[in-house]
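Peer 1:
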Amino acid sequence: MKKAKLHVRLIYMLPALVLFIGMVVAPVCMSLYNSFFDWNGINDKIFIGLSNFKEIIHDEVVKNALINTLKMTFVSTCLQLPIGMLIALVVSSKKVKGKKFFQSIYFLPVILSASIVGILWTQIYDPNQGLFNVFLGKIGMENLQHAWLGEPGTALGAVMIVMLWFYVGNYVLIYYSSLQSIPSDIIEYAELDGVLPIVRFFKIQLPLIWPTIQLTTMLVIVNSLRYFDLVYIMTKGGPNHSTDVLATVIVQEAFDSMRMGYGSAISMFLFLLGTVFILIVNKLMKKESIY
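Position 187, counted from 1, in the sequence shown is what our numbering calls 187; the numbers after and before it change by one each time, with no gaps.
1) By DSSP, does residue 46 sit in helix, in strand, or in coil?
2) In this structure, does DSSP put residue 273 in helix, strand or coil?
3) Is residue 167 closer than 9 Å to residue 220 when the C-beta atoms are compared?
4) Apart from the five residues on each side of it in sequence, which residues of its chain come closer than 6 Å, Cβ to Cβ, to residue 76?
5) Sort 250, 260, 215, 261 by Cα distance to residue 283 and report the nearest one.
6) Could you tell me which residues DSSP puts in a beta bridge with residue 38?
7) Given a threshold of 16 other Cβ atoms within 10 Å of its Cβ, counted over all protein chains shown, does residue 60 qualify as buried or as exposed?
8) According to DSSP, is residue 226 part of a helix, a strand, or is it coil?
9) In the DSSP assignment, find the alpha helix (DSSP H) that holds residue 245 and state where it starts and stops.
10) I'd like the span of the alpha helix (DSSP H) that includes residue 171, first residue to last.
11) My understanding is that residue 65 touches residue 244, with C-beta atoms under 8 Å, so please give their C-beta distance in whole angstroms.
12) Is it true that the CB of residue 182 sits closer than 9 Å to the CB of residue 208?
13) In angstroms with no decimal places, state the Cα-to-Cα distance between residue 79 and residue 105.
14) Please name the residue, chosen from 281, 261, 7, that lies closest to residue 50 on a Cα-to-Cα basis.
15) Where do the N-terminal and C-terminal ends of the alpha helix (DSSP H) with residue 84 fall, by residue?
16) Mapping DSSP to helix, strand and coil, what is residue 146?
17) Assuming residue 135 is part of the alpha helix (DSSP H), what are its boundary residues?
18) Could you check whether the Cβ of residue 272 sits closer than 8 Å to any heavy atom belonging to the ligand MG?
19) Closer than 6 Å by C-beta to residue 1: which residues in its own chain qualify, once you throw out the five before and the five after it? Chain order, please.
20) Taking only three categories from DSSP, how would you classify residue 195?
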């Protein structure tokens with residue numbers, strides 16, 4: 001079978017390439033360009049060199065948002081992936097009945113929009129009539145009641161719980177599909193040999209789905225770094241910047257404060273941070289697929 005010539009391949013790639021350049025490459029380049037200017041989005045741009053990037057270093061709000069972003073990334077990676085894998089293993093077990101029902105239940109939050117989820121959980125966390133505080137009151141634990149989204153000490157943790165509930169279904173579905181792709185003969189032979197389920201997972205299943213593990217690790221890191229919608233809907237970065245992440249600071253600086261140049265500089269910092277994380281993950285998790 002003859003290989004397609006280069007120009008033929010380029011013709012077929014052209015629509016996707018144009019979209020990629022227009023939707024990804026061009027905005028990144030424009031953001032990088034704007035980061036060297038003092039610009040409010042309306043008046044003439046004033047070139048200031050690296051001043052915006054120098055300001056980032058000394059900006060306490062950005063530092064706080066960076067810490068919160070890293071916390072969310074760490075918690076999401078350490079909880080969403082293991083919980084997603086555990087649920088996928090349970091659902092994929094032959095002993096579990098009603099698999100389709102459980103798959104639908106776990107994936108249901110994912111198909112909801114972030115705005116609906118944000119409003120729903122804001123009502124659940126309501127300090128007066130919210131389901132969470134009402135439940136604590138019913139079981140005699142009034143001392144644990146809080147204004148969950150209104151106190152700096154609890155707001156970030158409350159948002160993280162919503163993130164976990166909202167996104168874990170993605171990884172359940174991915175891991176379930178990957179586990180189902182393993183040849184059934186391999187699992188049956190292991191069962192006949194009396195291999196314990198935990199040993200079977202770490203010695204057989206995990207190595208076979210390693211590329212999927214690597215993919216989901218990159219996905220959860222990228223998604224965690226760009227968390228915005230739920231945070232903005234539930235707290236808008238408050239109270240007192242306690243739930244600010246880099247994405248919310250970018251919006252606040254670029255659109256609320258009309259500092260497009262500084263907002264662009266922070267977005268480039270976030271882009272660089274994500275790139276570094278992905279390179280590190282690829283380096284640490286690089287492993288040949290078994291089949």
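Each residue gets a CB set at the ideal place from its N, CA and C atoms; glycine is no exception.
These numbers come from a predicted model, not from an experiment.
Peer 2: On the basis of the data shown:
1) To locate residue 46, count along the sequence shown from 1; it is residue 46. Strand, per DSSP.
2) Locating residue 273 in the sequence shown gives position 273, counting from the first residue. Helix, per DSSP.
3) Indexing the sequence shown from 1 puts residue 220 at position 220. Indexing the sequence shown from 1 puts residue 167 at position 167. Yes, the Cβ-Cβ distance between residue 220 and residue 167 is below 9 Å.
4) Residue 76 sits at position 76 when you count from the first residue of the sequence shown. For residue 76, where only same-chain residues beyond five positions count, the Cβ hits under 6 Å are 220, 224.
5) Sequence index remark: in the sequence shown, residue 283 carries index 283 (1-based). Nearest C-alpha to residue 283: 215.
6) As a working mapping, residue 38 is identified with position 38 in the sequence shown. According to DSSP, which records beta bridges pairwise, residue 38 is partnered with 46.
7) For the purposes of this step, residue 60 is identified with residue 60 of the sequence shown, where counting begins at 1. It is exposed - the Cβ of residue 60 has fewer than 16 other Cβ atoms within 10 Å.
8) The sequence position of residue 226 within the sequence shown is 226, counting from 1. Here residue 226 sits in coil by DSSP.
9) Along the sequence shown, read from residue 1 onward, the residue named residue 245 stands at position 245. Careful: residue 245 lies outside any alpha helix (DSSP H) and carries neither H nor E.
10) Residue numbering aside, residue 171 sits at position 171 when the sequence shown is read from its first letter. Where residue 171 is concerned, the enclosing alpha helix (DSSP H) stretches over 152–180.
11) As a first step, residue 65 must be located in the sequence shown, where it is residue number 65. As a first step, residue 244 must be located in the sequence shown, where it is residue number 244. Contact holds; Cβ gap of about 4 Å.
12) Position 208 of the sequence shown, counted from the start, is the residue given in the question as residue 208. Position 182 of the sequence shown, counted from the start, is the residue given in the question as residue 182. Yes, the pair counts as a contact, with Cβ atoms nearer than the cut-off.
13) The residue you call residue 79 lines up with position 79 of the sequence shown. The residue you call residue 105 lines up with position 105 of the sequence shown. Computed Cα separation, rounded: 19 Å.
14) Translated into positions along the sequence shown, residue 50 becomes position 50. Of 281, 261, 7, the residue nearest in Cα terms is 261.
15) Residue mapping note: residue 84 aligns to position 84 of the sequence shown, counting from 1. It spans 60–92 - the alpha helix (DSSP H) in which residue 84 sits, taken as one unbroken run.
16) Sequence index remark: in the sequence shown, residue 146 carries index 146 (1-based). Reduced to three states, the DSSP call for residue 146 is coil.
17) The count along the sequence shown starts at 1 and reaches residue 135 at position 135. 131–138 is the span of the alpha helix (DSSP H), which, as asked, contains residue 135.
18) You won't find the ligand MG in this model; it holds no ligand whatsoever.
19) Taking the sequence shown and counting its residues from 1, the one referred to as residue 1 is at position 1. Any reading at residue 1 must be qualified, since the residue scores a pLDDT of 45, below 50, and its modelled position is unreliable; the value itself is stated next. Within the same chain, residue 1 has no close Cβ partners at all.
20) Position 195 of the sequence shown holds residue 195. Here residue 195 sits in coil by DSSP.
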